[in-house]
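Q:
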Ligand SMILES: [Zn+2]
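Numbering (the numbering used here), first residue to last: 748 to 980.
Right, dumping it as structure tokens:
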């Protein structure tokens, strides 16, 4: 679930004081479960993001009853009163919707860094590639922030968890389409990245080629001609 926040309120999430988001308990929110991922986007450009997950879901009759159960710091910001906070909702929800569905307090925590996949601690690149068992968490597609997330002709980036050790990494997959007699070449890079926030930062900073040149540290690369290797760091 994506939560778009005013810059001032985004900062209270970042500081860790705001950790409750209120919503009408409509069909979309009824599907929320504990542990579900939350992405907080800072308005207006939404480049800066925070990642978290749902730790509690509590239902209330309306927003006033919900606001009674928490401090204003947890709901919004201590620069405002609960009356000012409650005055925000009529812009988004009608009385009829609130009566029909009731409300839900989505309690959350920001993600602290997960651990890296154990492959990055291995010396032998063959063994490292063999260790990795790819589980997709978030597919960023082939393009973001106005540049390609792959080298050459086609590809994409995915934030992944390793099914074997539970550690994280960012994968970049690329294809070179051979011309005439040339063979196609397939490239896979595995970058040690432990949170979606770090992966998103790399997506913003680097296109497919510059991430290979400028990634600060060792990473694993594999191409269909040469097999797996560590980058020269
Ligand atoms: Zn692993």
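Ideal placement from N, C-alpha and C gives every residue a C-beta, glycine not left out.
1) Give me the pocket residues for ligand 1, defined as CB within less than 5 Å of any heavy atom, sorted by chain position.
2) Output the boundary residues of the alpha helix (DSSP H) element that contains residue 832.
3) Determine, using beta carbons only, whether residue 913 comes closer than 8 Å to chain B.
4) I believe residue 857 touches residue 798 by the beta-carbon criterion, under 8 Å. Please report the beta-carbon distance rounded to the nearest angstrom.
5) Going by alpha carbons, who is nearest to residue 765 out of 852, 794, 867, 910?
6) Could you compute how far the alpha carbon of residue 800 sits from the alpha carbon of residue 787?
7) Where residue 789 and residue 899 are concerned, what is the direct C-alpha to C-alpha distance, given to the nearest angstrom?
8) Among 937, 838, 754, 915, which has the Cα closest to the Cα of residue 770?
9) For residue 770, does the three-state DSSP call read helix, strand or coil?
10) Since residue 903 and residue 889 should fall inside the 8 Å C-beta cutoff, what is the C-beta to C-beta distance between them, to a whole number of angstroms?
11) Enumerate, from N- to C-terminal direction, the unbroken beta strand (DSSP E) stretches of 3 or more residues contained entirely within the segment 777 to 839.
12) Tell me which residues share the same chain as residue 849 and place their Cβ nearer than 8 Å to its Cβ, disregarding the 5 neighbours each side in the sequence.
13) Excluding the 5 residues flanking residue 872 on each side, which residues of the same chain have their C-beta closer than 7 Å to its C-beta?
14) Does the Cβ of residue 816 have 16 or more other Cβ atoms within 10 Å, making it buried, or fewer, making it exposed?
15) Does DSSP put residue 857 in a helix, a strand or coil?
16) Which whole-angstrom value describes the C-beta separation of residue 832 and residue 814, a residue pair presumed to lie in contact below a C-beta threshold of 8 Å?
17) Taking DSSP as the reference, what is the three-state secondary structure of residue 845?
18) What's the gap between the Cα of residue 926 and the Cα of residue 862?
A: Based on what the coordinates show:
1) 864, 865, 909, 911, 912, 914
2) Translated into positions along the chain shown, residue 832 becomes position 85. Note, residue 832: alpha helix (DSSP H), 829 to 833.
3) Note that chain B does not occur in the displayed structure, where there is just one protein chain.
4) If you number the chain shown from 1, residue 857 lands on position 110. If you number the chain shown from 1, residue 798 lands on position 51. With 8 Å as the limit, residue 857 and residue 798 qualify as a contact, their Cβ atoms being about 7 Å apart.
5) Walking along the chain shown from the start, residue 765 turns up at place 18. The residue among 852, 794, 867, 910 with its C-alpha nearest the C-alpha of residue 765 is 852.
6) What you label residue 800 is simply residue 53 of the chain shown in a count that begins at 1. What you label residue 787 is simply residue 40 of the chain shown in a count that begins at 1. Straight-line Cα distance between these residues: approximately 10 Å.
7) Translated into the one-based positions of the chain shown, residue 789 becomes position 42. Translated into the one-based positions of the chain shown, residue 899 becomes position 152. Taking the straight line from one Cα to the other gives about 32 Å.
8) Your numbering for residue 770 matches position 23 in the chain shown. Minimum Cα distance to residue 770 is reached at 838.
9) If you number the chain shown from 1, residue 770 lands on position 23. If DSSP states are grouped into helix, strand and coil, residue 770 belongs with the strands.
10) Counting from one through the chain shown, the residue named residue 903 turns up at place 156. Counting from one through the chain shown, the residue named residue 889 turns up at place 142. Contact flag correct, Cβ pair sits at about 5 Å.
11) The segment 777 to 839 contains these whole beta strand (DSSP E) runs: 784 to 789, 796 to 807.
12) Walking along the chain shown from the start, residue 849 turns up at place 102. Within the same chain, residue 849 has close Cβ partners 771, 772, 806, 807, 808, 809.
13) As a working note, residue 872 is residue 125 in the chain shown. 967, 975, 976, 977.
14) If you number the chain shown from 1, residue 816 lands on position 69. Exposed, since its Cβ has fewer than 16 Cβ neighbours within 10 Å.
15) For the purposes of this step, residue 857 is identified with residue 110 of the chain shown, where counting begins at 1. Residue 857 falls in the strand class under three-state DSSP.
16) Within the chain shown, the letter at position 85 stands for residue 832. Within the chain shown, the letter at position 67 stands for residue 814. Contact flag correct, Cβ pair sits at about 6 Å.
17) The count along the chain shown starts at 1 and reaches residue 845 at position 98. It is helical.
18) Looking up residue 926 in the chain shown gives position 179. Looking up residue 862 in the chain shown gives position 115. Taking the straight line from one Cα to the other gives about 41 Å.
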